[in-house]
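Below is one structure; the comments refer to it alone.
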Amino acid sequence: DLYAGLMLYSHRPFVEGDGVSLPGFASNGRMIVEDIGWLHTRLRMWNSYPVIVPNSQLFGHKIVNHSLKLNGYVTQTVRVKYSDLDRVQE
Numbered sequence: 002d003l004y005a006g007l008m009l010y011s012h013r014p015f016v017e018g019d020g021v022s023l024p025g026f027a028s029n030g031r032m033i034v035e036d037i038g039w040l041h042t043r044l045r046m047w048n049s050y051p052v053i054v055p056n057s058q059l060f061g062h063k064i065v066n067h068s069l070k071l072n073g074y075v076t077q078t079v080r081v082k083y084s085d086l087d088r089v090q091e
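The opening position of the sequence shown corresponds to residue 2 in the numbering used here, with each subsequent residue numbered one higher.
Next up, the structure:
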């Protein structure tokens with residue numbers, strides 16, 4: 002566990018506050034990283050249940066970090082009055 006903790010600190014596959022997925026956990030494994038320790042990592046599931054996982058289990062398994070997503074898009078509806086059409090930029 003200590004060696005895995007050192008590897009997590011050096012490689013930084015996730016940091017505190019990141020949203021991650023771990024296969025095999027309930028709620029599709031989607032959790033938020035709360036604390037990364039030398040022996041274990043504390044996660045919080047989306048339904049607010051805490052999960053403490055030994056670092057040796059984290060380091061050797063697939064982890065999806067949703068916070069590293071580089072591209073995304075936002076769709077938003079903006080309403081404009083006809084009288085303000087000349088002020089709208091495209």
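Glycine included, C-beta positions come from ideal geometry on N, C-alpha and C.
| Item | Value |
| --- | --- |
| Of the listed residues L59, T42 and S57, nearest to P51 (C-alpha basis) | T42 |
| Closest by C-alpha distance to S68, when choosing among T78, M8, G18 and E35 | G18 |
| Closest by C-alpha distance to G25, when choosing among K63, V79 and L86 | K63 |
| Assumed close pair G61, G38 - CB separation to whole angstroms, cut-off 8 Å | Actually they are not in contact, since the Cβ atoms of G61 and G38 sit about 17 Å apart, beyond 8 Å. |
| Exposure of V81, with buried meaning 16 or more beta-carbon neighbours within 10 Å | exposed |
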